Amino acid sequence: MQPQRLALAALALLAAGGVVSSCSRQRGDQLRLGAGIALTGNAGLLGQDARTGLDLAQGHYADRAPGLELQLEDTGSDEAGATVAFRRLINAKPVAILGPSLSQQGFAVMPMADRAGIPVIGVSTTAEGIPQIGPFVARVASPVTVVAPLSLAKAVQLHPGIQRVAVFFAQDDAFCTSETQIFQRAIRAKGLELVAVQRTSVSDTDFHIPITNVLRSRPQLVVISALVSDGGNLVRQLRELGYSGPIVAGNGLNTPNIYPVCQRHCDGLMITQAYNPKLDNASNRTLLAGFRRGRAADAVPPQVTAQAFTAYQVVHEALATLKGSLPQGTTLTSLPLPELRQRLLKTLLAGTYQTPLGQLRFTPEGDVLQRDFSVARVQMNPDGRSGRFVQLP
Amino acid sequence: MQDLTQLLLNGLSTGAVYALFALGYTLVFSVLGVINFAHGAVFTLGAYFTYFLIGGAAGANGLLAGLQLPFALPFWLALPLAGLGAAAVALLIERTAFAPLRQRNADPLLALITSLGAGVVLVNLIQLLVGAESYAIPTGALAGLPAAVRIGGAQVRSVQLLLLLVAAVLLTLLTLWIDGTRSGKGLRAVSEDPTTARLLGIPSDRMIQIAFGLSGFLAGIAGGLVGLSVSIAGPYFGIGYGLKGLGVLVLGGLGSVPGAVLGGLIIGLAEACVPADLSGYRDVVAYGFLFVVLLVRPQGLLGRVLPSKV
Amino acid sequence: MDALLIDASLLQQMLIGALLGISVYLPLRCGQLSLATPGFYAIGGTLAALLSTRVDALGGAEPVYPLSSVLLEMLLAAALAGGLAVGIGRVVLRLRGVYLAIATIALVEILRVTTLNQESLGGAVGIFGIPQPFLDPQGYALFTLIALALVCWLCDRLERQRLGRAMEAIRDDELAAACQGIDTDRTKLVAFVLSAVVAAITGVISAHFLNSWNARLGNFDASITTLAFVVFGGSRTWAGPVIGGLTLTALPELLRPIGDLRLIVFGLVILVGPLLLPQGLITPERLRLIRGLLHRGAKP
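If you want it as structure tokens, here you go:
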């Protein structure tokens, strides 16, 4: 036997295995909800916070019909990992998929779910163009076009003398590059002078050289689009190297996970909030109560935890509504899966939801319409290790 | 003048880290002729050891969530201890990934893979135990020192100066040890000709262990200092430095101690010279430099010419 | 249980792994440790991503991207990578051992950072929405399987020919090979160019399969992982890297059920593998043995 035939035989065997495995089981009484988030890699923190939100939502909705079985897959922090995880999820025949964590991954894998006709709801994918990927793509995270200019406007309002603005952005992340475009447009629109634009990388932590370069242009305001560990270090080193003006940060730094990175130097950072923990409605009370179990009594969930909870809630409520609209005697599971997904999408986009993020609706394209935003200022405690986001009036 | 001082200090402090890193590679390379790809993980571990020894607590996402040592050491004591811990890990790597290959007279190329495997295990073990989150050594660890000082008009963080100082001291000690002590000379003998060294009664296994221990110690110290300077950005944070260290290693010359230092400083300075609007190309400068040096002088700036069969 | 079976998309990734394994294997067959494979892989992928998303004539707007366009991309990628490899190879193949490895790592990094900074090449964000020639992973897997079978067949031919034996001779002893009248420089260059062509073609397939492409796909990690394919599988015959690429790509995915432990186990496998099998999983002797057994089994 020729070696190539040997190898071919082995490969054919593998291919056969592939066919067998694509026949997957589905339990009769329960629907499956897929979630693909980044639990490992450099966005692992973001995903782990999202997992907290999903777990809380799952616990809360466990005894409420319709029953949802959550299948969680780790997408890693890159597109390849997300692709593998999403193919797995798609094969598991879910009614909808939540995720992925990063816009960069969203652009890669949301088209897959869209082509498969599965509603895919972005949890923290805020870049421009996400809902436009396809009809089945929606998100609960407000787009950066809405979010980013708010904090900039607040900074200018609080510091009226500002003229010279410097911008840092992580050039190797789709979200950060998209966000910085919005920031830079807003800066120019306000008639401010952009004195420096410095590219960094999400894998960098040592910013001495870029910072001293930028500080030479004497900025009065610094605007940062980066992720947690690079951005946190950037803030800390900016302060230690003597910059004392205001800093506006993008959504990548919008998490308490920055506290251990920039420590007391996080103080004063201004970030727009899509989640206001003080919001008083039933689902936010549920989220807060669940989150505080086993944590401090005044612990505040990160924004992405609230967003993940919201995504689960929105799907669950839409399914409940859909179930209510079915004729007597038909159950959700009796619908053919493609039709169920179609109708879920339609119901989901038509609804109005009272979520931890406040009242939410959707555009026909699938983008979220959120009413309430606020700009928060990070306030660090004297120990330099803990702090909170204080909503600015 | 002010700009020049700033540039020089930035470049030197970045370069000092690269140099410490490359020194670790070079010590192992000089006795074994292979590159230890687990070196980056040892560096990372040094940073975590430092963090825990000064009383840091584990975050919420690993198996050790919330764990904290019952004592908190001052930074100046924690750092050398972390170095020793890292050295112990390096010795363990030598036992598991290198020694078995040597005993079997296997292709040295395989050590690239086994050490890579050891690195993968370590990095993911860290993630399993303490999670992927960032850990920062508290800014207060250098109690009494200001965050930054002005030197000749340039603004420099105290941490950067400390890095430079520690690197200089370690390097001097290492050079003195190699030139002035029996075991140091033994190390050199083994690196120049293992067979003859064995005939002369220098135990090469022991020398290899010394090289690994030292390289681990240096990596641990560098990790602790970098952790203090820029925080520990998760289990993968040594990888970027590992790659740069590799470049530095070749630039200076494989197996050459002064070469590793010179290479580190050159790449550090070269990176500092990249203007802001071309900052995206900073890594290209370093690698471009490396590439040209390789072609013009394959043995590196201060390296010896290796025999043609590697 | 069903997690232990292999689905078509994983199979596809395994086949890609096998192709990349062959690309690393070719120079290694003549003893040249070149880690340039991810660079040429990135060149192929970027070229395919650019052509299929920006050149309308190729049929990117059609619901199913024409296969002929994929083949054309493969041809162009092979030509581009081959041409570059001739130029680069002439320069870098003067280096030996670890120096060659590090020079090629430096080249890959230079290429990566340059792509990151060039918006026209997709920049840091990458190129999204690459048209799909197949609507399901089975189609990709079949296509890649054919490509792999073809490459394997060519390698098998090569290994039986003068050139293949010359490569082996250089690996065993370059000086002796030169004395026997083997044009060592040319042989090494041919291996390097073939390696580049295989990597670039793989990049083309991969870009369509992944449906998005960015410069980070060809990084240092990829260099080392692909090298692990060859060392684990064995570098004496083409079947080694194929088996190594298939198993090591599948391993982290098959280990998914054990969750957080999976990458630790993966690390242990590549740590212990070379200790237990220093020659790699597949050696010519073992291959002959297996072949003999199969022959006997096939006879009544």
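Chains as they are written, first to last, in our numbering: chain A, 1 to 393; chain B, 394 to 703; chain C, 704 to 1003. Every residue gets a Cβ at the ideal spot worked out from N, C-alpha and C, and that includes glycine. All values reported here derive from a predicted model rather than from experimental measurement.
Looking at residue i: is its Cβ nearer than 8 Å to the Cβ of residue j?
{"i": "LEU54 of chain A", "j": "ALA308 of chain A", "result": "yes"}
{"i": "PHE684 of chain B", "j": "ALA809 of chain C", "result": "yes"}
{"i": "LEU750 of chain C", "j": "ASN517 of chain B", "result": "no"}
{"i": "MET112 of chain A", "j": "CYS266 of chain A", "result": "no"}
{"i": "ALA434 of chain B", "j": "GLY631 of chain B", "result": "yes"}
{"i": "ALA409 of chain B", "j": "ALA540 of chain B", "result": "no"}
{"i": "GLU812 of chain C", "j": "TYR674 of chain B", "result": "no"}
{"i": "GLY577 of chain B", "j": "THR398 of chain B", "result": "no"}
{"i": "GLY579 of chain B", "j": "ILE595 of chain B", "result": "yes"}
{"i": "SER584 of chain B", "j": "ARG199 of chain A", "result": "no"}
{"i": "GLY937 of chain C", "j": "GLY976 of chain C", "result": "no"}
{"i": "ALA108 of chain A", "j": "LEU913 of chain C", "result": "yes"}
{"i": "VAL304 of chain A", "j": "ASP74 of chain A", "result": "no"}
{"i": "GLY455 of chain B", "j": "GLY617 of chain B", "result": "no"}
{"i": "VAL368 of chain A", "j": "SER101 of chain A", "result": "no"}
Look at the alpha carbon of residue i and the alpha carbon of residue j, and state the distance between them as a whole number of angstroms.
{"i": "VAL623 of chain B", "j": "ASP206 of chain A", "result": "6 Å"}
{"i": "GLY81 of chain A", "j": "GLN104 of chain A", "result": "12 Å"}
{"i": "VAL202 of chain A", "j": "ALA226 of chain A", "result": "7 Å"}
{"i": "LEU11 of chain A", "j": "TRP941 of chain C", "result": "Low confidence applies to LEU11 of chain A: its pLDDT is 49, below 50, so where it sits in the model is not reliable, and the reading given next is rough at best. Each residue's Cα considered, the two are about 15 Å apart."}
{"i": "LEU332 of chain A", "j": "GLN313 of chain A", "result": "17 Å"}
{"i": "VAL248 of chain A", "j": "ASN917 of chain C", "result": "29 Å"}
{"i": "GLY329 of chain A", "j": "LEU33 of chain A", "result": "23 Å"}
{"i": "PRO769 of chain C", "j": "GLY99 of chain A", "result": "31 Å"}
{"i": "LEU457 of chain B", "j": "THR437 of chain B", "result": "17 Å"}
{"i": "ARG388 of chain A", "j": "GLY657 of chain B", "result": "40 Å"}
{"i": "LEU558 of chain B", "j": "GLY134 of chain A", "result": "57 Å"}
{"i": "GLY268 of chain A", "j": "VAL378 of chain A", "result": "5 Å"}
{"i": "TYR418 of chain B", "j": "LEU774 of chain C", "result": "44 Å"}
{"i": "GLN370 of chain A", "j": "THR180 of chain A", "result": "22 Å"}
{"i": "VAL228 of chain A", "j": "ILE211 of chain A", "result": "17 Å"}
{"i": "GLY404 of chain B", "j": "ALA612 of chain B", "result": "20 Å"}
{"i": "PRO94 of chain A", "j": "VAL197 of chain A", "result": "44 Å"}
{"i": "ARG591 of chain B", "j": "ALA475 of chain B", "result": "33 Å"}
{"i": "GLY645 of chain B", "j": "LEU695 of chain B", "result": "6 Å"}
{"i": "ILE805 of chain C", "j": "ALA582 of chain B", "result": "26 Å"}
Thinking C-alpha only, which one of the options is nearest residue i?
{"i": "VAL767 of chain C", "options": "C:GLY832, C:GLN716, C:LEU971, C:LEU787", "result": "C:GLY832"}
{"i": "LEU326 of chain A", "options": "A:GLN313, A:THR347, A:ALA306, A:THR310", "result": "A:THR347"}
{"i": "LEU405 of chain A", "options": "A:ALA92, A:ARG361, A:PRO256, A:ALA43", "result": "Shown here, chain A extends from 1 to 393; a query on residue 405 of chain A therefore has no answer."}
{"i": "VAL523 of chain B", "options": "B:GLY417, B:GLY633, B:GLY452", "result": "B:GLY452"}
{"i": "ALA903 of chain C", "options": "C:LEU798, C:GLY742, C:ASP875, C:SER823", "result": "C:GLY742"}
{"i": "GLY609 of chain B", "options": "B:THR588, B:LEU563, B:ALA665", "result": "B:LEU563"}
{"i": "PRO531 of chain B", "options": "B:VAL552, B:GLN548, B:LEU521", "result": "B:VAL552"}
{"i": "GLN71 of chain A", "options": "A:ALA85, A:TYR61, A:GLU79", "result": "A:ALA85"}
{"i": "GLY426 of chain B", "options": "B:LEU538, B:ASP676, B:SER649", "result": "B:SER649"}
{"i": "LEU897 of chain C", "options": "C:ALA788, C:GLN716, C:LEU803", "result": "C:ALA788"}
{"i": "LEU503 of chain B", "options": "B:LEU446, B:SER527, B:ASN429, B:VAL482", "result": "B:ASN429"}
{"i": "SER508 of chain B", "options": "B:ARG497, B:ILE519, B:VAL549, B:ALA483", "result": "B:ALA483"}
{"i": "ALA745 of chain C", "options": "C:LYS891, C:ARG889, C:VAL900, C:LEU866", "result": "C:VAL900"}
Do we get a CB-CB distance below 8 Å when we pair residue i with the residues of chain D?
{"i": "VAL893 of chain C", "result": "In the structure shown, chain D does not exist; the protein chains are A, B and C."}
Please tell me whether, using a cut-off of 7 Å, the distance from the CB of residue i to the nearest non-hydrogen atom of the ligand FAD is below it.
{"i": "ASP367 of chain A", "result": "With respect to the ligand FAD, the structure shown offers nothing to examine, as it has no ligands at all."}
> Does the region 955-962 of chain C come close enough to the region 724-741 of chain C to have 3 or more Cβ pairs within less than 8 Å?
Replying inline: no
>> Short of 8 Å Cβ to Cβ, which residues in the region 948-970 of chain C face chain B?
In response: ASP963, LEU964, LEU966, ILE967, PHE969, GLY970
> Are three or more beta carbon pairs between the region 563-576 of chain B and the region 422-429 of chain B nearer than 8 Å?
Replying inline: no
>> Any contact between the region 743-759 of chain C and the region 905-922 of chain C? By contact I mean 3 or more CB pairs, one from each, below 8 Å.
In response: yes
> Can we say the region 512-528 of chain B touches the region 966-981 of chain C, given the rule of at least three CB pairs closer than 8 Å?
Replying inline: Contact holds: three or more Cβ-Cβ distances are below 8 Å.
>> Output needed in chain order: residues of the region 198-232 of chain A with a Cβ under 7 Å from some Cβ in chain B.
In response: GLN198, ARG199, SER203, THR205, ASP206, HIS208, ILE209, PRO210, THR212, ASN213, VAL214, VAL228, SER229, GLY232
> At a cut of 8 Å, does the region 874-885 of chain C reach the region 713-725 of chain C through at least three beta carbon pairs?
Replying inline: no
> Given a limit of 9 Å on CB to CB distance, which residues of the region 400-417 of chain B reach chain A?
Replying inline: LEU400, LEU402, ASN403, GLY404, SER406, THR407, VAL410
> Using Cβ-Cβ distances below 8 Å, what residues of the region 161-181 of chain A are close to chain B?
Replying inline: GLN171
>> Using a Cβ-Cβ cutoff of 7 Å, what residues of the region 675-697 of chain B are near chain C? List them in chain order.
In response: ASP676, VAL677, TYR680, GLY681, LEU683, PHE684, LEU687, LEU688, PRO691
> Is there contact between the region 213-221 of chain A and the region 137-149 of chain A, where contact requires at least three CB pairs shorter than 8 Å?
Replying inline: no
>> Please list, in chain order, the residues of the region 81-97 of chain A that have any C-beta partner in chain B closer than 7 Å.
In response: none
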